[in-house]
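Residue numbers (UniProt numbering): 1 to 118. Every residue gets a Cβ at the ideal spot worked out from N, C-alpha and C, and that includes glycine. Please read these numbers as outputs of a predicted model, since none were measured by experiment. Here's the structure, in structure tokens; my notes come after.
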């Protein structure tokens, strides 16, 4: 039952993102807004509720399958992207580098000092 409660929380936050997008017309995905709302909730509570953890754990295992439709969709617009390979390659390299650097910086910043290895 905790997984169902957590899934309802995640769905509610996503729907909250949909509402924010609808009323503000922000050019951002409702999923991103929902994740920001989730982040704010977790910061406010200063812990991950067991229900949200129970719902998120199976979704992490399915992450590749959740990303797959977007990757497959690229094949249908490959003709439109044919002249943009350099920009796409640059965006992938810079985006990956920025993601890795940001993740490492956050890990270093948020990991307690006594848990760090020398």
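Problem set entry | C-alpha distance - residue 67 paired with residue 42, whole-angstrom precision | Spanning the alpha carbons of residue 67 and residue 42 requires a straight line of approximately 24 Å.
- Message: I need the boundaries of the alpha helix (DSSP H) containing residue 103, first residue and last residue.
- Response: 85–110 is the span of the alpha helix (DSSP H), which, as asked, contains residue 103.
ask   = Do you know offhand how far residue 109's Cα is from residue 34's?
value = Pairing residue 109 with residue 34, the inter-Cα distance amounts to about 24 Å.
- prompt: Hey, how far is the Cα of residue 3 from the Cα of residue 9?
  reply: Going from the Cα of residue 3 to the Cα of residue 9 covers about 10 Å.
So what's residue 35 in DSSP terms, helix, strand or just coil? Residue 35 falls in the helix class under three-state DSSP.
Q. Residue 85 to residue 54, Cα distance in whole Å?
A. Distance from the CA atom of residue 85 to the CA atom of residue 54, rounded to whole angstroms, is 40 Å.
> Would residue 77 be called buried (16 or more neighbouring beta carbons within 10 Å of its own) or exposed?
Replying inline: Of the residues assessed, residue 77 falls on the exposed side of the cut-off, its CB having fewer than 16 other CB atoms within 10 angstroms.
Taking just the CA atoms, how far does residue 12 sit from residue 24?
Taking the straight line joining both Cα atoms gives about 18 Å.
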